[in-house]
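Remarks on the structure that follows.
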Amino acid sequence: MRLSKKVSLISIAVLLLVVVVIGTVLLSYAKSQIIEHTIEQAKAEHRNLNTSFAEMTAYYLADEDSPAVQRTLVIYCFSRFATDTSVLIQGEETLYARTALDSAQLLPLQIGEEQKVFSGEVEGRNILLVGQIVSLNDSYYSVYRVEDITYIYNNIQQMIVRFILIGIAGLFIGTLLILLLVHRLTKPLLMLKEASAQIARGDYNIRADIHTRDEVGELAQDFNAMADAVQSHIDKLTDMNERQSLFISGLTHEYKTPMTSILLHSETLLTADLDKKSTENSLAHIYDQCRFLEQLTHKMLSLLVLEREITPQKISLPDLLEDVSQNCFQTLMDHGTPLTIRCEADSVTGDYDLIKSLLINLIDNASKASEPGQHIHLRAYKQTIEVSDNGVGIPEDSLPFVFDPFYMSDSSRSKKGGGSGLGLAIARRIAEAHGAELLIESKPGEGTTVRLIMR
Amino acid sequence: MSKNRILVVEDDPAISDGIAVNLLYSGYDHVLFRDGNEAAQALLQDHSFDLALLDIMLPGLDGFALFEHVKKYDIPVIFITAKTDSASEIKGLLNGAEDYIVKPFDVMTLLVRIEKVLDRAGKLDQILRFSNITIDLQEHTVRRDEAEILLKPMEFEVLVLLVRHKNRTIPRDKILNEIWGTDFFGDTRTVDVHIANIRKKLGVDGLIKTIPKYGYRLEG
Chain A
1 MRLSKKVSLI SIAVLLLVVV VIGTVLLSYA KSQIIEHTIE QAKAEHRNLN TSFAEMTAYY
61 LADEDSPAVQ RTLVIYCFSR FATDTSVLIQ GEETLYARTA LDSAQLLPLQ IGEEQKVFSG
121 EVEGRNILLV GQIVSLNDSY YSVYRVEDIT YIYNNIQQMI VRFILIGIAG LFIGTLLILL
181 LVHRLTKPLL MLKEASAQIA RGDYNIRADI HTRDEVGELA QDFNAMADAV QSHIDKLTDM
241 NERQSLFISG LTHEYKTPMT SILLHSETLL TADLDKKSTE NSLAHIYDQC RFLEQLTHKM
301 LSLLVLEREI TPQKISLPDL LEDVSQNCFQ TLMDHGTPLT IRCEADSVTG DYDLIKSLLI
361 NLIDNASKAS EPGQHIHLRA YKQTIEVSDN GVGIPEDSLP FVFDPFYMSD SSRSKKGGGS
421 GLGLAIARRI AEAHGAELLI ESKPGEGTTV RLIMR
Chain B
1 MSKNRILVVE DDPAISDGIA VNLLYSGYDH VLFRDGNEAA QALLQDHSFD LALLDIMLPG
61 LDGFALFEHV KKYDIPVIFI TAKTDSASEI KGLLNGAEDY IVKPFDVMTL LVRIEKVLDR
121 AGKLDQILRF SNITIDLQEH TVRRDEAEIL LKPMEFEVLV LLVRHKNRTI PRDKILNEIW
181 GTDFFGDTRT VDVHIANIRK KLGVDGLIKT IPKYGYRLEG
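Below, the structure written as structure tokens:
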């Protein structure tokens, strides 16, 4: 069963129970109070009537001896105080009565008794009967007060009906309020449920939009924090996956072109009788492409090796720059692009061979981008080593991708320069391994600057 | 019929050299470009080609864009692509290219595709001659001098393949794939049996050479 249903049903049941119990207790208490009060009042009034009647009768009878006169005087005195409810009986004779009820039979009185009360149903009516013996001149009179209190019972009946109606209305309103309240309280839970279901379906952007200040609100906050963590983790994995698949598709493409020409030329050599010149040409192509594949494999390996931690050491910058320029000498001579060196710092911390190979790579790139005669600048200052050229530059829309493996700004991936598209990817890996930054700045036609900023 | 003239646009020098040497060897004339733009410019002057082989990824103008220029002169096109994704293949074919080849491809595949396209365009000789043997492709007949030699359909196909690629060794599995198709469940023994029958029926020994462990070759 749903929580909201459970809570609603239990609350409504409790409300019903409370209304019924309180109603029953209150009504029975009110009923007994009303009836008791009526009886007490009737008794008091009856007592007053008897007292007044007795006093007056005593006053008038003082000088009378004649029984007939006495009887008349008694009736006269009684009638002065009597109401429609009063009955006066002497012995067997009813002296005064406005009601047909036989009071003496309903409530027989004994001499010496106090006031007596009868309350009950007589001929379909609720009757309240109060009786008292009054003694006058040695005679005893039974004085009754006969009251029809059916109307009080009717009133009580009406009261009960009204209470039940009010109770039902109260229950109805109470139920509505409970349902509303339960809905409001469980709505955040439903939202959480929906959000987690959506996340489970793979929609990791979903968050629970709950800002209540109760436990549910706290739960929602924790839930959102969890979703954030899951999303960032998933994003990282997706990103890694994407990079990996890009890398593999790049690698596949990189292998495909040399493989195609090796297969093509070797099959041709195997199946056709080419002349000597064509044969040598085909063999040269096979050799070149195999060399290219070998270099590619070597670079791939160095990318993998860079997954390891490096051991930093203090590197003297003048020595490093000198060493790098020695290494690049032949390439730079071939391209006709001289290198100028400016060293304005003493040392950096890092892996000597890796930093060296990174710089050689950058100078190689700069040389390829330059026309013969254009200078390449290698400069070290503070914690920065910078390689800049005045060559062709890189289009702006290509800049974000230059560090991606196998990326070449020319879509045909022509290998005029003989590059593999891995150089800058390896350079970035080397920088990452040092915790260093590798920044590139370029304008087409003006040149490119790459900065390695050490920690 | 004169030699068929083929336009080749491929930027990788090793691959274009490989294609060129084979076209030459198989008796085709060719014109080679390594840049899409240059090829498009040249087409304005000279467009008497029987077929165009276009790489997709080209500097200047890519293969699809270049195709729009080639189409104007009703030159059938075979795309050469390194992209294995079917999207680019379908795009090329829907635009009216005759065929496509995915890198890496082998020489026989390339040559057979070229022949099929040229054949569809009616630009292949229907009479093949080799030594004293004449093959009529339309009438499906083979004659040695004047005498007709009766070959079964598959034997005829194998002979045509060998004659078309004379002086070139054709691997057994290639023959099997080209004639019987890749869905055929037989093995290369089928090829050997058919070659033996052709040899017997032609009655000329040493015409079809066996290259051990590799295939067959028609020499002359």
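Residue numbers (my numbering), protein chains in the order written: chain A, 1 to 455; chain B, 1 to 220.
No residue lacks a Cβ here, since even glycine has one placed at the ideal position from N, Cα and C.
Small disclaimer: the values here were computed from a predicted structure and weren't measured.
DSSP three-state call for threonine 449/A: helix, strand or coil? strand
Can you tell me whether glutamine 115/A is helix, strand or coil according to DSSP? coil
Glutamate 280/A CB to nearest chain B CB: under 9 angstroms? no
So which residues of chain A does lysine 116/B contact, with C-beta pairs closer than 8 angstroms? The premise fails here: lysine 116/B is roughly 19 angstroms from chain A at the closest Cβ pair, so nothing lies under 8 angstroms.
Put glutamate 115/B into one of helix, strand or coil per three-state DSSP. helix
For valine 142/B and proline 153/B, I'd like the C-alpha separation in whole angstroms. 11 angstroms
Do three or more CB pairs link the region 97–112 of chain B to the region 251–271 of chain A at distances below 8 angstroms? yes
Report the residues of the region 263–288 of chain A with a CB closer than 8 angstroms to any CB of chain E, ordered along the chain. Any reference to chain E falls outside this structure, whose protein chains are A and B.
Just the chain B side, please: which residues come within less than 7 angstroms of histidine 233/A by C-beta, in chain order? By Cβ distance, chain B contributes nothing, its closest Cβ being about 30 angstroms from histidine 233/A, past 7 angstroms.
For the beta strand (DSSP E) that aspartate 462/A lies in, which residues bound it at each end? The structure shown does not extend to residue 462/A, since chain A is modelled only from 1 to 455, so the question has no answer here.
Reduced DSSP category for phenylalanine 130/B - H, G, I as helix; E, B as strand; rest coil: strand
Span of the beta strand (DSSP E) around leucine 51/B: 51–55
What is the residue span of the alpha helix (DSSP H) that alanine 97/A lies within? Unbroken run through alanine 97/A is the beta strand (DSSP E), 93–97; no alpha helix (DSSP H).
When you compare each of Gly124/A, Arg125/A, Tyr141/A and His37/A to glutamine 132/A by their alpha carbons, which one comes out closest? Tyr141/A
Is there contact here, the region 178–196 of chain B with the region 32–51 of chain B, by at least three beta-carbon pairs under 8 angstroms? no
Following the continuous alpha helix (DSSP H) through alanine 427/A, name the residue where it begins and the one where it ends. 423–433
Can a CB atom of chain A be found closer than 9 angstroms to the CB of valine 107/B? yes
Who are histidine 377/A's beta bridge partners in DSSP? Thr340/A and Ser388/A
Ignoring anything shorter than 4 residues, give me the alpha helix (DSSP H) runs that lie fully in the region 260–320 of chain A, in order along the chain. 276–305
Can you tell me where the beta strand (DSSP E) holding tyrosine 214/B begins and where it ends? Tyrosine 214/B -> no beta strand (DSSP E), and no H or E assigned at all.
Determine whether the Cβ of proline 444/A lies closer than 9 angstroms to any Cβ atom of chain B. no
Buried/exposed call for glutamate 10/B, threshold 16 Cβ in 10 Å: buried
Where the alpha helix (DSSP H) through histidine 211/A begins and ends: Careful: histidine 211/A lies outside any alpha helix (DSSP H) and carries neither H nor E.
Exposed or buried, serine 79/A, counting other C-beta atoms within 10 Å across all chains shown (16 or more means buried)? exposed
Got a sec: is the Cβ-Cβ distance from proline 395/A to anything in chain B below 9 angstroms? no
Among Gln221/A, Asp209/A, Cys328/A and Leu270/A, which has the Cα closest to the Cα of asparagine 167/B? Leu270/A
Measuring only the C-alpha atoms, how far is isoleucine 10/A from threonine 85/A? 54 angstroms
If you measure from the CB of lysine 209/B, is any heavy atom of the ligand COA nearer than 8 angstroms? By its list of ligands, the structure shown contains no ligand whatsoever, and the ligand COA lies outside what it can speak to.
Taking buried to mean at least 16 other C-beta atoms within 10 Å of its own C-beta, is aspartate 138/A buried or exposed? exposed
Below 7 angstroms on C-beta distance, what does arginine 168/B contact in chain A? Thr271 and Ala272
Contacting residues, own chain, Cβ-Cβ under 8 angstroms from glutamate 148/B (five flanking each side not counted): Thr141 and Val142
Going straight from the alpha carbon of tyrosine 381/A to that of asparagine 327/A, what length do you get? 21 angstroms
Within the same chain, show all residues whose beta-carbon is closer than 6 angstroms to that of arginine 5/B, passing over the 5 residues directly before and after it, in chain order. Asp29, Phe49 and Asp50
Using the beta-carbon count (16 or more within 10 Å), is glycine 393/A buried or exposed? buried
Kindly indicate which three-state DSSP category histidine 165/B falls into: helix, strand or coil? coil
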